[in-house]
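Asks: Heads up: the protein sequence lines correspond to chains G and U, in order. Going by numbering that gives the first Met the number 0, the first residue of the first sequence is number 0, and it counts up by one from there. Going by numbering that gives the first Met the number 0, the first residue of the second sequence is number 0, and it counts up by one from there. All C-beta atoms in this analysis are idealised placements derived from N, C-alpha and C, irrespective of residue type, glycine included. Computed from a predicted model, the values in this text were never measured in an experiment. First the structure, which I've put down as structure tokens, then a few questions once you've had a look.
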Amino acid sequence: MKRLLFVAMTLLFVACGKKEAASTPAPGAAVEAAKAGEAVAAPEAASKTAEAAAPVAPQTVTLWHSYRDDERKALDTLVAQWNKLQPGVQIQALAVPFDAIIDKFQVATPNGNGPDLIIMAHDKIGLWARDGLLQPLGDFAAKDRLGRFLPQTVKPLVFDKAIWGLPMAFKTVALFYNRKLVPQPPKTIGQLIEVGKGFTSEKTESFGLAYDAADLYFHAPFLYGMGGKVWDEDAKKITIDTPEAIKAAELVRGFYTEAKILPKGVGGFVVTAMFNDGKTPFTIQGPWFISEIAKDIDWGVAVLPEIEPGKPLRPYLGSEAVLLTKQSKVRDAALKVMDYLTSDEAAITRLEMGHQMVANAKIYENPRWLEKPVVRVFHAQAETSVPMPTAVEPSVAWAPYSAALRKIIFSGADPKTALAEAQATADQAVARLGK
Amino acid sequence: MAPAPQPPQPGLVPFAAATLLLAATLVAALTAGHAALAASAEQATRLVRAASLADAAAHQAAIHQDDATARDAALAAMAKQQAPLLTHVAVIASGGADEFGIERGSGVAFVSQKLAPAESGALLEAAKSHATAAEDALQKHQPMDGARLLVVLPDATQALVQPFRAAQNRPEIGGAVALVLRPVVPPDAPWLLWLLPLVALAIALGARKPLGERIAPTVAMAVSAAAAVLLLPALPTAASGGVQVLADGWLIPHSAVGTVSAAGTSWVLGSALLLTALLGPVVPGLAAIFGALRKDPVPYFYVGPALFATGVLVFVPFAVGVGLSFTGPNGQFLGLANYREVVETAMDPTSATHFGRTLAMTVAWTLINVVLHVTIGLALALVLNQPKLRGRAFYRLLLIVPWAVPSYITALTWKWLFNTQYGPINAMLALCGAQKVDWLGDSLATNFIANLLTNVWLGFPFMMVVSLGALQSIPADLYEAADIDGASAWQKFRHVTWPLLRPALFPAVIMGVIWTFNAFNVIYLVSGGGPDHKTDILITEAYFAFSVLRRHGLAAAYSVLIFLLLLGYTLATQRRSKATEAVNE
Chain G
0 MKRLLFVAMT LLFVACGKKE AASTPAPGAA VEAAKAGEAV AAPEAASKTA
50 EAAAPVAPQT VTLWHSYRDD ERKALDTLVA QWNKLQPGVQ IQALAVPFDA
100 IIDKFQVATP NGNGPDLIIM AHDKIGLWAR DGLLQPLGDF AAKDRLGRFL
150 PQTVKPLVFD KAIWGLPMAF KTVALFYNRK LVPQPPKTIG QLIEVGKGFT
200 SEKTESFGLA YDAADLYFHA PFLYGMGGKV WDEDAKKITI DTPEAIKAAE
250 LVRGFYTEAK ILPKGVGGFV VTAMFNDGKT PFTIQGPWFI SEIAKDIDWG
300 VAVLPEIEPG KPLRPYLGSE AVLLTKQSKV RDAALKVMDY LTSDEAAITR
350 LEMGHQMVAN AKIYENPRWL EKPVVRVFHA QAETSVPMPT AVEPSVAWAP
400 YSAALRKIIF SGADPKTALA EAQATADQAV ARLGK
Chain U
0 MAPAPQPPQP GLVPFAAATL LLAATLVAAL TAGHAALAAS AEQATRLVRA
50 ASLADAAAHQ AAIHQDDATA RDAALAAMAK QQAPLLTHVA VIASGGADEF
100 GIERGSGVAF VSQKLAPAES GALLEAAKSH ATAAEDALQK HQPMDGARLL
150 VVLPDATQAL VQPFRAAQNR PEIGGAVALV LRPVVPPDAP WLLWLLPLVA
200 LAIALGARKP LGERIAPTVA MAVSAAAAVL LLPALPTAAS GGVQVLADGW
250 LIPHSAVGTV SAAGTSWVLG SALLLTALLG PVVPGLAAIF GALRKDPVPY
300 FYVGPALFAT GVLVFVPFAV GVGLSFTGPN GQFLGLANYR EVVETAMDPT
350 SATHFGRTLA MTVAWTLINV VLHVTIGLAL ALVLNQPKLR GRAFYRLLLI
400 VPWAVPSYIT ALTWKWLFNT QYGPINAMLA LCGAQKVDWL GDSLATNFIA
450 NLLTNVWLGF PFMMVVSLGA LQSIPADLYE AADIDGASAW QKFRHVTWPL
500 LRPALFPAVI MGVIWTFNAF NVIYLVSGGG PDHKTDILIT EAYFAFSVLR
550 RHGLAAAYSV LIFLLLLGYT LATQRRSKAT EAVNE
């Protein structure tokens, strides 16, 4: 019996070994060949081969995205349309959950297992470009092609003097309000405080304004509105400890200490719950918030109020773009697909079906779309928005800045000291930052 | 418990084989590391030779105003020096940036020459990787119709840089892409050092009798380790293991920095050191296995697949991790620099992360947690073990629930419970008339308590289940006997329950300590290490190094330190647990 088992085990080993031996060389060899071809052939020759090969066998352009629900439906529709009309180039779209797509992309792409195109918010561009995961669009992104997008959505896609993708949509925050509680949205911060005070009550635990004040993303409208910034692109320096930042932090602290319209330490789903329970008439949120609002709430959305007339709040803008990866072997076909997905026609589908705030400027010239309040308001808000930094360094500023905000707004810390501390921490982290 | 049978004394042959195997592994690993470095140094030398050829071309490009003439002159110069290893030389004209900040230029198309028939595979590969890197940089300047140009310069001397300065003064030329290479040749290791592992083997065999089976191999391996340490300076410490690429900022708007890296060198070295340090004491065991393998190989074939899988899934990643901890962002060998950085944070009071503070926090966190887990778990187990208690099964089920729910869900739920404004905990405090507490705010104490409560909730069911199992195996007649002797409840617990519970609880506590030491989920999700990293434990700080600082080497260094701490702890407790077992026998 023992002997028999022994023989069986040995056979199993042999079988496993054989399988591996048979399957491994093939892809390996293909990769080798592709590499050799790519490196030796001159670029123009490579593109010629690509063109010549197109009619023979269909090229596949893989596209990764993390869209869900309606956005995904819209994208799938566009992909199906393309695949029907373009037998030479087939798009293969893969939906990867948002919490996994970044890791998956970063692991797969250096080994050549990643996609040709990926849809991602622009703040990853600096990192990925620096790590060699993306390739610049070069000539393809000629001025007339970029001209069809809102300029604020294109600028953040430029990193290291090159452009790395075409914008699909943008995300920014605006003021959501409960129509039942507030018929007219406030135009200035002063009005907001005044209206908000009327709703603030210890007893019912209601507050005039609920948002994650201690998070840099939601603080950005005030910081940039006051003329401050987190990252100086020219000097390549983090700028937390500035007079503008102090003014912004003091303004928000006033919401908590003087006006008392701001609850302490709320964020995320607590804010959603407060809005849905009618415990706050105002919140600062992005378009993603719409699907979280309860059915029975009569809500409206408005451009963020101004600090004073002519001095608007300036929220962060995230430009969601389709990016070309370094590993792509079908650059020309991928660029065509990219062009198609960001075309004005495709934008209509993405807006109608996917409810995206698309980046195409033409859409917002059409009164048909501008009649929709959400479209109108977010488009108007995009005008005063500032792109989130594309560089890698400012990413380390988030945690210390947010911690400083919490201390200043809710714990009464001295703004100057707290921001200077955050500056020191961030500078230190930048110095320790890996390449 | 029956006394364990004395393991058979392995013979001389298996013992020698085991020692030899380890020594050979060590030598092989070090040799491989050294060979890889030597090979890349060889590449570097060749690249530099090629570079001097290309330099001639670059020079021509600079002194001739007309591009066509420059190209011809460069070609001629390269041809004259024969073996034109480098294909492309680039001079790029830039048209400046557009309103988006994208640089738009018009390039100067240039020299394109076929690569010389593969003079050396390695060199070609290296040249290609440089060419690709340079092309990337060039792609940003538009349009580039002709072949991409690449200049490789040897050392950054003024004489070689000068032509480019001249080139930069020409209005249509925006800059040049240059790779400045410096070869780093590893000095040859004194060959006698390579004999040290053999010396180690001799010690292992010779000192077996006088020093004993257990100590001799450790001494032998210590000699090997000394050899490894002595060999260390013989390996080049330069960036990228063999070739250092310097890029000159003023010269190049887009410097294409490529490296010829001796991939894997550092981890080979790291693993060799680790092998040496860890495997010495393994020799006797390995010898025993070899002995048994000779006698009856079949069982080893049964465990073979599992061993293989463990090797691939555990030991290989572990070795890679250890190797990574000696490397920098580009995979270059840094020696102990990462470790130094971790430890140095302990001496800098202004540092955001502070190794000493974090270590103290980790230890305090682990101790307080485990004490609470055991106390609460044991107390509940004692209650549940009461035969008179009705609905025992129901309570037991209920109390195991915290354990069954995924820990990140629990952690997020607790985070909500601690919410300042609307959290149920503050609501209960308010009912009692107390002030609202800003749990996850700026206070170290409240953040720590929030983490602690969450982890106690997660941790006690395991201790309860273990205790309950052990309690049920205590024979009832012992208690009867104690009753007859008139023992009080406390005396029964102290002298009957506790001694019989201890052997079961001890391994559970050891595991509990290790889990709690690395309780990433709770810290990360509840307090997030706040305020200001003060509730960070080592593992969350490692994650900070990885995710925020993007320093894989630094994070790996943290992990190795955590491993060493836990290894020391496990070894120490193993001795003790053996001692307790002996007491019970």
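#1: Are the CB atoms of Phe-377/G and Ala-168/G nearer to each other than 8 Å?
#2: Going by DSSP, what residues sit across from Gln-58/G in a beta bridge?
#3: Could you give the uninterrupted runs of the beta strand (DSSP E) lying entirely in the stretch 116 to 147 of chain G, keeping only those of 3 residues or more?
#4: Note the first and the last residue of the continuous alpha helix (DSSP H) segment covering Lys-196/G.
#5: Leaving out five residues before and five after Ala-419/G in sequence, what residues of the same chain have Cβ atoms less than 7 Å from its Cβ?
#6: Can you tell which of Ala-332/G, Glu-291/G, Glu-232/G has its C-alpha closest to the C-alpha of Lys-160/G?
#7: Determine contact between the stretch 185 to 197 of chain G and the stretch 352 to 366 of chain G, defined as no fewer than three beta-carbon pairs at a distance below 8 Å.
#8: Identify the contact partners of Val-395/G in chain U, using a Cβ-Cβ distance below 8 Å as the criterion.
#9: Count the other CB atoms within 10 Å of the CB of Phe-104/G; is the residue buried (16 or more) or exposed (fewer)?
#10: Which whole-angstrom value describes the C-beta separation of Ser-327/G and Leu-156/G, a residue pair presumed to lie in contact below a C-beta threshold of 8 Å?
#11: In whole angstroms, give me the CA-to-CA distance for Pro-242/G and Lys-228/G.
#12: Determine the DSSP secondary structure at Tyr-338/U, reduced to helix, strand or coil.
#13: Which residues, taken in chain order from the stretch 102 to 115 of chain G, show a beta carbon closer than 9 Å to some beta carbon of chain U?
#14: Ends of the alpha helix (DSSP H) at Met-167/G?
#15: Going along chain U, which residues have a C-beta under 8 Å from Gln-427/G?
#16: Taking C-beta pairs closer than 8 Å, name the residues in chain G that Leu-439/U reaches, listed in chain order.
#17: Using the beta-carbon count (16 or more within 10 Å), is Asp-68/G buried or exposed?
#18: What runs of the alpha helix (DSSP H), each 4 residues or longer, lie entirely inside the stretch 507 to 563 of chain U?
#19: Applying the 10 Å Cβ sphere with the 16-neighbour rule, what's the burial state of Gly-224/G?
#20: What residues of chain U sit near Gly-410/G, judged by a beta carbon separation below 7 Å?
#21: When you compare only the Cα positions, how much space is there between Trp-413/U and Ala-213/G?
#22: What is the DSSP secondary structure of Tyr-66/G, reduced to helix, strand or coil?
#23: Below 8 Å on C-beta distance, what does Val-269/G contact in chain U?
#24: Should Leu-350/G go down as buried or exposed, given a rule of 16 or more other Cβ atoms within 10 Å for buried?
#25: Let's test the definition: count the other Cβ atoms within 10 Å of the Cβ of Asn-110/G and tell me whether it reaches 16, buried, or not, exposed.
#26: Nearest chain U C-beta to Gly-433/G closer than 8 Å, yes or no?
#27: Tell whether a beta-carbon distance below 8 Å holds between Tyr-255/G and Lys-246/G.
#28: Bridge partners of Tyr-315/G, per DSSP?
#29: On the DSSP bridge assignment, give the partners of Thr-324/G in chain order.
#30: Need the endpoints of the beta strand (DSSP E) that Gly-224/G sits in, please.
#31: So with CB distances below 8 Å, who are the chain U contacts of Glu-344/G?
#32: Excluding the 5 residues preceding and the 5 following Val-407/U in the sequence, name in chain order all residues of the same chain whose CB lies nearer than 7 Å to its CB.
#33: Taking Pro-594/U as the query, report the chain G residues whose CB atoms sit under 7 Å from its CB, ordered along the chain.
#34: Only counting the same chain, and skipping five residues up and downstream in sequence, which positions put a Cβ closer than 7 Å to that of Ile-407/G?
#35: Do Ser-324/U and Gly-528/U have their C-beta atoms within less than 8 Å of each other?
#36: Skipping 5 residues on each side, what residues in its chain have a beta carbon closer than 7 Å to that of Thr-326/U?
Replies: The structure says:
#1: Along the first sequence, read from residue 1 onward, the residue named residue 377/G stands at position 378. Along the first sequence, read from residue 1 onward, the residue named residue 168/G stands at position 169. In this structure, Ala-168/G does not lie closer than 8 Å to Phe-377/G by Cβ.
#2: Here the question's residue 58/G lines up with position 59 in the first sequence. According to DSSP, which records beta bridges pairwise, Gln-58/G is partnered with Val-88/G.
#3: 116 to 120
#4: For the purposes of this step, residue 196/G is taken as residue 197 along the first sequence, with counting starting at 1. Following the DSSP letters along the chain, one finds Lys-196/G inside the alpha helix (DSSP H) bounded by residues 188 to 198.
#5: Within the first sequence, residue 419/G is the residue found at index 420, counting from 1. Answer for Ala-419/G: Asp-240, listed in chain order.
#6: Sequence index remark: in the first sequence, residue 160/G carries index 161 (1-based). For the residues Ala-332/G, Glu-291/G, Glu-232/G, the minimum Cα distance to Lys-160/G belongs to Glu-232/G.
#7: With the rule of 3 Cβ pairs closer than 8 Å, the stretch 185 to 197 of chain G does not count as touching the stretch 352 to 366 of chain G.
#8: Within the first sequence, the letter at position 396 stands for residue 395/G. Per Cβ cutoff of 8 Å: Val-547, Leu-548.
#9: For the purposes of this step, residue 104/G is taken as the residue at position 105 of the first sequence. So Phe-104/G counts as buried.
#10: The sequence position of residue 327/G within the first sequence is 328, counting from 1. The sequence position of residue 156/G within the first sequence is 157, counting from 1. Not quite, the Cβ-Cβ distance comes to about 17 Å (not below 8 Å), so this is no contact.
#11: One-based indexing of the first sequence puts residue 242/G at position 243. One-based indexing of the first sequence puts residue 228/G at position 229. Computed Cα separation, rounded: 11 Å.
#12: As a position in the second sequence, residue 338/U is number 339, starting the count at 1. For Tyr-338/U, the three-state secondary structure derived from DSSP is helix.
#13: Of all residues in the stretch 102 to 115 of chain G, none has a Cβ within less than 9 Å of some Cβ in chain U.
#14: Here residue 167/G is taken as the residue at index 168 of the first sequence, counted from 1. Here Met-167/G belongs to no alpha helix (DSSP H); instead the beta strand (DSSP E) covers 164 to 170.
#15: For the purposes of this step, residue 427/G is taken as the residue at position 428 of the first sequence. Chain U residues near Gln-427/G: Thr-349, Ser-350, Ala-351.
#16: Locating residue 439/U in the second sequence gives position 440, where the first residue counts as 1. Neighbours of Leu-439/U on chain G, chain order: Gly-264.
#17: Numbered from its first residue, the first sequence carries residue 68/G at position 69. Exposed.
#18: 519 to 524, 537 to 546
#19: Reading the first sequence from its first residue, position 225 is the one you call residue 224/G. With 16 or more other Cβ atoms within 10 Å, it is buried.
#20: By one-based count along the first sequence, residue 410/G stands at place 411. Checking the displayed sequence, the identity of residue 410/G turns out to be Ser instead of Gly. Neighbours of Ser-410/G on chain U, chain order: Gly-440, Asp-441.
#21: The residue labelled residue 413/U in the question sits at position 414 within the second sequence. The residue labelled residue 213/G in the question sits at position 214 within the first sequence. When rounded, the distance between both Cα atoms is 20 Å.
#22: For the purposes of this step, residue 66/G is taken as residue 67 along the first sequence, with counting starting at 1. In the structure shown, the three-state DSSP call for Tyr-66/G is coil.
#23: Residue mapping note: residue 269/G aligns to position 270 of the first sequence, counting from 1. In chain order: Trp-415, Asn-418, Gln-420, Tyr-421.
#24: Stepping through the first sequence from its first residue, residue 350/G is reached at position 351. With 16 or more Cβ atoms within 10 Å of its Cβ, Leu-350/G is classed as buried.
#25: The residue labelled residue 110/G in the question sits at position 111 within the first sequence. It is exposed - the Cβ of Asn-110/G has fewer than 16 other Cβ atoms within 10 Å.
#26: Here residue 433/G refers to the residue found at position 434 of the first sequence. For Gly-433/G, the answer is yes, since a Cβ of chain U falls inside 8 Å of its Cβ.
#27: In the first sequence, the residue the question calls residue 255/G occupies position 256. In the first sequence, the residue the question calls residue 246/G occupies position 247. In this structure, Lys-246/G does not lie closer than 8 Å to Tyr-255/G by Cβ.
#28: As a working note, residue 315/G is residue 316 in the first sequence. The bridge partners DSSP lists for Tyr-315/G are Val-385/G.
#29: Locating residue 324/G in the first sequence gives position 325, counting from the first residue. Beta-bridge partners of Thr-324/G (DSSP): Leu-133/G.
#30: Reading the first sequence from its first residue, position 225 is the one you call residue 224/G. Where Gly-224/G is concerned, there is no enclosing beta strand (DSSP E), although the alpha helix (DSSP H) it sits in stretches over 215 to 224.
#31: Reading the first sequence from its first residue, position 345 is the one you call residue 344/G. What Glu-344/G touches in chain U: nothing, since even the nearest Cβ is about 24 Å away.
#32: Looking up residue 407/U in the second sequence gives position 408. Position check: residue 407/U holds Tyr in this sequence, whereas Val was assumed. Around Tyr-407/U: Asn-520, Leu-524.
#33: No information on residue 594/U is available, as it lies outside the stretch 0 to 584 that chain U covers here.
#34: Counting from one through the first sequence, the residue named residue 407/G turns up at place 408. Answer for Ile-407/G: Ala-248, Arg-252, Pro-414, Ala-417, listed in chain order.
#35: Walking along the second sequence from the start, residue 324/U turns up at place 325. Walking along the second sequence from the start, residue 528/U turns up at place 529. No, they are not a contact pair.
#36: Translated into positions along the second sequence, residue 326/U becomes position 327. Correct list, in chain order: Ser-265, Phe-332, Leu-333, Gly-552.
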